[in-house]
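Chains A and S, in that order, are what the protein sequence lines are.
To get the working numbering, take the position in the first sequence, counting from 1, and add 8.
To get the working numbering, take the position in the second sequence, counting from 1, and add 8.
Glycine residues also receive a C-beta, built at the ideal position from the N, C-alpha and C atoms.
Computed from a prediction, not measured in an experiment: that's the story for all the values here.
There are 2 protein chains.
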Amino acid sequence: MSFVPPDHPRFLSLMYRERLVEKFKEGVVVAQGLIAHGRGEAFDYILGEQTIPPALEAEKAAAALLKLARKPVISVNGNAAALVPGELVELSKALNAPLEVNLFYRSEERAKRIAELLKAHGAEEVLWRPDQELPGLSSERRRVSSKGIASADVVLVSLEDGDRTEALKRNGKKVIAIDLNPFSRTSLTADITIVDNVIRAIPNITKFVKAMSEREAEEALERFDNARNLREVVKWIKKWLDAKTSELL
Amino acid sequence: MSFVPPDHPRFLSLMYRERLVEKFKEGVVVAQGLIAHGRGEAFDYILGEQTIPPALEAEKAAAALLKLARKPVISVNGNAAALVPGELVELSKALNAPLEVNLFYRSEERAKRIAELLKAHGAEEVLWRPDQELPGLSSERRRVSSKGIASADVVLVSLEDGDRTEALKRNGKKVIAIDLNPFSRTSLTADITIVDNVIRAIPNITKFVKAMSEREAEEALERFDNARNLREVVKWIKKWLDAKTSELL
């Protein structure tokens, strides 16, 4: 890992960038995943690299939906495993929900490596050997586990492609998406869209899951409106652009 | 190269992404360059993946400054060489200005490979063996050629880091930067900042260089105000966010 001075204004962002490159060299992340991470960096930058209030509201609603689910499943790809392995395991334990490896650029070897990374961070069970297919999806992401996504009612996805989000919806799942682009097909299709960096979103969801009563969960879900929330996100981005313009230009 | 259907709404963006991955495998682009490309993709997305009017104005001013320069030099890094090798060569010929390879993650092997790529696209002379150092810069980017950047009065840089842009300025150079983030240190430090994708910016500059008289060049430079131009860019981004919100949310 290259050295990043801790007083650098964008220390966290640079540290996670180095972690991604490291995990790329280990075969957990693919080249296209590095490009996707860069897109995320830019979108996070225009949020001010912080959890904005509508994102926190979406994280609360996500915790509520996961808590009230019959069978919630956390879908994990290479970038998510590289960035927040321990945090994913903690959420999985708080929910008593399985982690399932689901990859666009899938190979047996890579899926296994990601499962091992999660186990090294304390995961008890990781589903990484799919035995079923999600109808209406042609990419490798169609391959799911009967003990996981195939029988889930609620799926948490992060850093996702639009085709798969739509396929999950068509197959009757509720989808919670963590996606930094408020206009992506995933963001527009999901039931709950969290426009936040996974490094902040996952720990926030876990905190809400642990603190929330069932009654509070029901209330949070009732209040939540995804399209309204996404419009609020855009307002915050515009506010950030204005603040930055006043400061620098 | 993976197959991208030509009717895909973001065909060009996906095609250039595949090209980057291909050039990464060939050793022209580094892992960090893939992340940087992703950042560029996201910033280009919020411009609507088009040359917005203030960018076109900056491209005109850039052509003017290059045309009136005593000794203009075009600095090339791995990503730029991967994305627009032929376009860089064409600009270099239109200006009769050298191309100089300048890398943050420099190795002799990689610099040579980039020079060969440019030569394969018709470049007559590529400077890639630095023999001097730019004072006040510690990264590998300090290494410059006495026949190029060291003796240049105007340097065109793209996809640049802020440290180097500042060092070029301190050493008395005029800097033209192509940078999709209007708030980056490079964007704020350069004399002329072009907030546009290199795939559109370089051909636009070449077109202006060929069409513009010396008189027109002087007038274009007189009119141009970089801070005002950057404020215009931010207005266009906000306009795009509003349009997208109306359309989708």
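Check your understanding: Helix, strand or coil: how does DSSP classify Thr-197 of chain S here?
Key -> Correct three-state label for Thr-197 of chain S: helix.
Practice item. Starting from Ala-258 of chain A, follow its DSSP beta bridges and name the residues at the other end. Key: In this structure chain A extends from 9 to 257, so residue 258 of chain A is not present and cannot be described.
Exercise for review: Could you spell out the range, first to last residue, of the alpha helix (DSSP H) harbouring Glu-226 of chain A?
Suggested key: For Glu-226 of chain A, the enclosing alpha helix (DSSP H) stretches over residues 222 to 231.
Exercise for review: Could you list the residues in the stretch 29 to 59 of chain A with a C-beta less than 7 Å from some C-beta on chain S, going in chain order?
Suggested key: Listed by position along the chain: Val-29, Phe-32, Ala-39, Gln-40, Leu-42, Ile-43, Ala-44, His-45, Gly-46, Arg-47, Glu-49, Ala-50 and Phe-51.
Review point. How is Arg-151 of chain S classed by DSSP in three states: helix, strand or coil?
Key: Three-state result, Arg-151 of chain S: strand.
Exercise for review: State the Cα-Cα distance for the pair Ile-200 of chain A and Ala-209 of chain A, rounded to the nearest angstrom.
Suggested key: In this structure, the straight-line span from the alpha carbon of Ile-200 of chain A to that of Ala-209 of chain A is close to 13 Å.
Exercise for review: Would you list the one or two residues that DSSP bridges to Glu-141 of chain A?
Suggested key: Under DSSP, the beta-bridge partners assigned to Glu-141 of chain A are A:Arg-151.
Practice item. Mark Phe-191 of chain A as exposed unless 16 or more other C-beta atoms lie within 10 angstroms of its C-beta, in which case mark it buried. Key: Buried: at least 16 other Cβ atoms inside 10 Å.
Practice item. Confirm, please, whether the CB-CB distance from Ile-54 of chain A to Ile-245 of chain A is below 8 Å. Key: It is a contact, given that the beta carbons lie within the stated cut-off.
Exercise for review: From the DSSP output, read off the bridge partner residues of Val-109 of chain A.
Suggested key: Residue pairing by DSSP places Val-109 of chain A opposite A:Val-84 in a beta bridge.
Exercise for review: Since I believe Asn-104 of chain S is in contact with Leu-28 of chain S (beta carbons under 8 Å), could you give me their beta-carbon distance rounded to a whole number of angstroms?
Suggested key: For a cut-off of 8 Å, the C-beta gap from Leu-28 of chain S to Asn-104 of chain S is around 29 Å, too long to register as a contact.
Review point. Would you say Val-109 of chain S and Ala-123 of chain S are within 8 Å of each other, going by their C-beta atoms?
Key: In this structure, Ala-123 of chain S lies closer than 8 Å to Val-109 of chain S by Cβ.
Practice item. Measure from the alpha carbon of Ala-198 of chain S to the alpha carbon of each residue in S:Arg-178, S:Glu-49 and S:Lys-215, then state which is nearest. Key: For the residues S:Arg-178, S:Glu-49 and S:Lys-215, the minimum Cα distance to Ala-198 of chain S belongs to S:Arg-178.
Practice item. For Phe-258 of chain S, collect the residues of the same chain with a Cβ closer than 6 Å to its Cβ; drop the 5 residues on either side in sequence, then sort them by chain order. Key: Past the edges of chain S, shown from 9 to 257, lies residue 258 of chain S, and the structure says nothing about it.
Review point. Hey, is the stretch 240 to 257 of chain S in contact with the stretch 59 to 77 of chain S, meaning 3+ C-beta pairs nearer than 8 Å?
Key: Touching, per the Cβ criterion.
Check your understanding: Hey, is Arg-235 of chain A's beta-carbon within less than 8 Å of any beta-carbon in chain S?
Key -> Sequence inspection shows Ala at residue 235 of chain A; the Arg mentioned does not correspond to that position. Yes, Ala-235 of chain A counts as interfacial toward chain S.
Point to revise | The alpha helix (DSSP H) enclosing Gly-46 of chain A, as first and last residue numbers | key: Under the DSSP assignment, Gly-46 of chain A falls in the alpha helix (DSSP H) whose first and last residues are 39 to 53.
**Study point:** Close-in-space but distant-in-sequence residues of the same chain around Gly-41 of chain S (CB under 6 Å, 5 per side omitted)
**Key:** Excluding residues within five positions, the ones whose Cβ falls inside 6 Å are Gly-86 and Asn-87.
Practice item. Could you tell me whether any Cβ in chain S is nearer than 8 Å to the Cβ of Thr-253 of chain A? Key: For Thr-253 of chain A, the answer is yes, since a Cβ of chain S falls inside 8 Å of its Cβ.
**Study point:** First through last residue of the alpha helix (DSSP H) which encompasses Thr-173 of chain S
**Key:** Element bounds for Thr-173 of chain S: 170 to 178.
**Study point:** Nearest neighbour of Lys-120 of chain A, chosen from A:Leu-176, A:Val-81 and A:Gly-35 [CA to CA]
**Key:** Closest by C-alpha distance to Lys-120 of chain A, out of A:Leu-176, A:Val-81 and A:Gly-35, is A:Gly-35.
**Study point:** Short CB-CB distance (under 8 Å) between Phe-232 of chain S and chain A
**Key:** Not an interface residue.
Point to revise | Short-range partners of chain A found in the stretch 189 to 216 of chain S, where Cβ spacing is below 7 Å | key: Residues passing the 7 Å Cβ filter: Phe-191 and Leu-196.
Practice item. Can you have a look at Arg-25 of chain S and say buried or exposed, based on whether 16 or more other CB atoms are within 10 angstroms of its CB? Key: Around the C-beta of Arg-25 of chain S, 16 or more other C-beta atoms lie within 10 Å, and the residue is accordingly described as buried.
Practice item. Reducing DSSP to helix, strand and coil, say where Leu-135 of chain S ends up. Key: Here Leu-135 of chain S sits in strand by DSSP.
Exercise for review: Would you mind listing the alpha helix (DSSP H) stretches within the stretch 56 to 102 of chain S that are 4+ residues and don't spill past its ends, in chain order?
Suggested key: Listed in chain order, they are 61 to 76 and 86 to 91.
Review point. How is the alpha helix (DSSP H) around Phe-216 of chain S delimited, first residue to last?
Key: Looking at the DSSP string, the run of the alpha helix (DSSP H) that includes Phe-216 of chain S is 206 to 219.
Point to revise | Within-8 Å CB hit, Val-242 of chain S to chain A | key: For Val-242 of chain S, the answer is yes, since a Cβ of chain A falls inside 8 Å of its Cβ.
Check your understanding: Exposed or buried, Phe-32 of chain S, counting other C-beta atoms within 10 Å across all chains shown (16 or more means buried)?
Key -> A residue is called buried once 16 or more other Cβ atoms fall within 10 Å of its Cβ, and Phe-32 of chain S is buried on that count.
**Study point:** Sequence-distant residues of its chain with Cβ nearer than 6 Å to Pro-5 of chain A (five each side left out)
**Key:** No statement about residue 5 of chain A is possible, as the shown extent of chain A runs from 9 to 257 and does not include it.
Check your understanding: Helix or strand or just coil, what does DSSP make of Val-242 of chain S?
Key -> Val-242 of chain S falls in the helix class under three-state DSSP.
Point to revise | Partner residues on chain S for Arg-239 of chain A, Cβ-Cβ distance less than 7 Å | key: Going along chain S in sequence order, the residues near Arg-239 of chain A (Cβ under 7 Å) are Thr-253 and Leu-257.
Check your understanding: Quick one: does Ile-245 of chain A have its CB under 8 Å from some CB of chain S?
Key -> Under the Cβ criterion of 8 Å, Ile-245 of chain A is counted among the residues facing chain S.
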